Amino acid sequence: MRKLPIALALAAQALLAPTAMAACGPVDADFSVPSTLPAVPVSVDLTDDRVLLGKRGERIPTNRKLAWTEERGDPTPHTWADKVDWPAYQVRETAGAAAPTRLYFDPDGKLCRVERYGKIRGRSVLESGYRLAYDAAGALAAYTEYDLTGASSAQPYAVTRRACLQRDAQGVLTTFIDDGCGDAKGPGVSRHYLHDASGRLLRVIDTLSPGQPLAVQTFDAQGKPAQRYVRQYSAFAAPNDSAEPLAYPEPATRPDRLYPRLREHMAAMPGEIPGVAWRIVRIPEDVPMDGDDQSSWDPELQAVLAKGETDAQGTAHVTPQAQEQIWQAMHQHPGRVLFYFDPMGRVALVPALTPTQWNACGDPANLAPDACTQ
């Protein structure tokens with residue numbers, strides 16, 4: 044496709060402004076009000092996901108979200124619109140051929156608005172789009188997504204997502220709110236970045252809503268990912284167990300179902316059948332526990348920590364001495380302490396955090412380096 048010049052080279056400079064705040068206006072303004080910035084029509088229909096040409100010739104996958112985070116890996120938000128070579132897709136509109144997408148850039152080249160068009164009864168209609176805002180340093184600070192509402196609505200466009208990126212006075216990212224930014228009830232899914240006084244990243248906390256942490260990724264002194272903690276429902280549901288999810292340190296490998304257990308519940312382990320042999324074992328570090336390797340099932344390779352026979356209620360009783368030994372092994376050998384509730388059934392025991400411990404670990408205001416291990 045032939046490249047066309049863009050007024051004031053806006054598209055060529057998209058999202059590359061040095062430091063000035065983009066004059067994009069508020070992200071929550073009425074989307075039906077036309078932008079005063081010049082429109083840049085492009086041939087790309089953003090209704091569906093696709094792969095576009097990047098500024099360095101790379102392939103850039105699009106996303107319904109303009110900023111998002113991955114559950115694992117790089118904890119920082121990802122973006123795509125700032126990486127696309129938009130001049131490669133610019134087209135000239137005519138009365139009978141409207142572009143499916145129009146982009147609006149401020150004088151510094153920051154993308155301020157995206158409009159997506161569709162055909163309704165042969166007419167090109169603005170169906171949805173985005174507004175973007177930037178901070179004083181030129182970093183993306185927020186975006187709002189809009190969709191066309193029904194004819195009965197007072198406002199033709201409704202907000203479907205309010206995302207924002209909050210930074211401290213030094214420009215360090217502190218919070219990414221995926222949706223609900225500015226909501227009176229509080230934000231929805233969010234990610235919080237905790238740094239110490241020197242700027243070292245301590246923890247990344249994912250929350251479902253304020254005060255409800257879902258996962259915490261800790262980092263070591265070199266800034267590399269260390270232990271990850273999650274709060275989930277147990278994959279092993281035993282009678283009389285709490286129906287609430289428990290928080291626990293997530294093992295790096297998990298070939299078996301995980302069974303988080305609080306320290307005070309180690310005395311009695313729930314079996315399924317009365318009078319059945321049970322055992323709790325530790326699998327040595329050199330024994331594979333993933334893939335199709337079945338070595339970990341070999342009793343000759345297991346270190347037995349406790350064993351016995353379930354009582355009339357199907358419960359396995361563990362002595363105080365064995366409890367402490369098992370508890371320490373659960374911390375020192377994550378994912379390798381297994382409870383055989385019968386000869387052919389087993390689960391991996393993981394140490395659960397108490398509610399107090401989990402609240403401290405998942406508190407964005409707690410900057411203690413050992414917040415998850417106290």
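In my numbering, the protein residues as written are 44 to 417.
Backbone N, C-alpha and C define an ideal beta-carbon position, used for all residues, glycine too.
These numbers come from a predicted model, not from an experiment.
- By the beta-carbon neighbour count (other beta carbons within 10 angstroms, threshold 16), residue 153 is buried.
- With respect to the 7 angstroms criterion, residue 202 and residue 299 are not classified as neighbours on the basis of their beta carbons.
- Assignment of residue 119 by DSSP, reduced to helix, strand and coil, places it in the coil class.
- Rounded to the nearest whole angstrom, the C-alpha separation of residue 330 and residue 343 is 11 angstroms.
- Shown here, residue 399 sits in a helix according to DSSP, grouped into three states.
- For the set 310, 326, 282 and 144, the Cα lying nearest the Cα of residue 316 is the one of 282.
- DSSP links residue 104 through a beta bridge to 94.
- Note on the stretch 176 to 222: whole beta strand (DSSP E) runs with a minimum of 3 residues are 183 to 191, 200 to 210 and 216 to 220, in chain order.
- Contact check for residue 171 against residue 147 fails: the beta carbons are separated by 7 angstroms or more.
- The continuous alpha helix (DSSP H) containing residue 369 extends over residues 363 to 375.
- Per DSSP, the unbroken beta strand (DSSP E) holding residue 273 starts and ends at 268 to 275.
- Three or more Cβ pairs closer than 8 angstroms define a contact, and the stretch 304 to 316 meets that threshold against the stretch 373 to 385.
- In terms of CA proximity to residue 67, 175 leads the group 142, 163, 175 and 73.
- Around the beta carbon of residue 77, a 10 Å sphere encloses fewer than 16 other beta carbons of the protein chains shown; the residue is thus reported as exposed.
- For residue 351, the enclosing beta strand (DSSP E) starts and ends at 346 to 352.
- The C-beta distance from residue 127 to residue 144 rounds to 11 angstroms, too long to fall under 8 angstroms, and the pair is not in contact.
- The beta-carbon distance between residue 370 and residue 350, rounded to whole angstroms, is 17 angstroms. This is too long to meet the 8 angstroms contact definition.
- Of the candidates 409, 88 and 186, the residue whose Cα lies closest to the Cα of residue 161 is 88.
- Residue 229 and residue 221 do not touch by the CB rule: their CB atoms are close to 13 angstroms apart, not below 8 angstroms.
- When secondary structure is reduced to three states using DSSP, residue 75 falls in the coil class, being assigned neither helix nor strand.
- Per the Cβ contact rule, the stretch 206 to 216 is not in contact with the stretch 372 to 381 (fewer than 3 Cβ pairs under 8 angstroms).
- By the Cβ-count criterion, residue 251 is exposed, with fewer than 16 other Cβ atoms from all chains shown falling within 10 Å of its own Cβ.
- Annotated three-state conformation of residue 155 is strand, per DSSP.
- Around the C-beta of residue 159, 16 or more other C-beta atoms lie within 10 Å, and the residue is accordingly described as buried.
- A residue is called buried when at least 16 other Cβ atoms come within 10 angstroms of its Cβ; residue 233 meets this threshold and is buried.
- According to the DSSP secondary-structure assignment, residue 172 is paired through a beta bridge with 158 and 189.
- The beta carbon of residue 235 sits closer than 6 angstroms to those of 218, 248 and 407, all from its chain and outside the five residues before and after it, given in chain order.
- Around the Cβ of residue 100, a 10 Å sphere holds fewer than 16 other Cβ atoms; the residue is exposed.
- If the five residues before and after residue 84 are omitted, its C-beta is found closer than 6 angstroms to the C-beta atoms of 134, 136, 142 and 145, all from its own chain and listed in chain order.
- Straight through space, the alpha carbons of residue 186 and residue 122 are spaced by roughly 12 angstroms.
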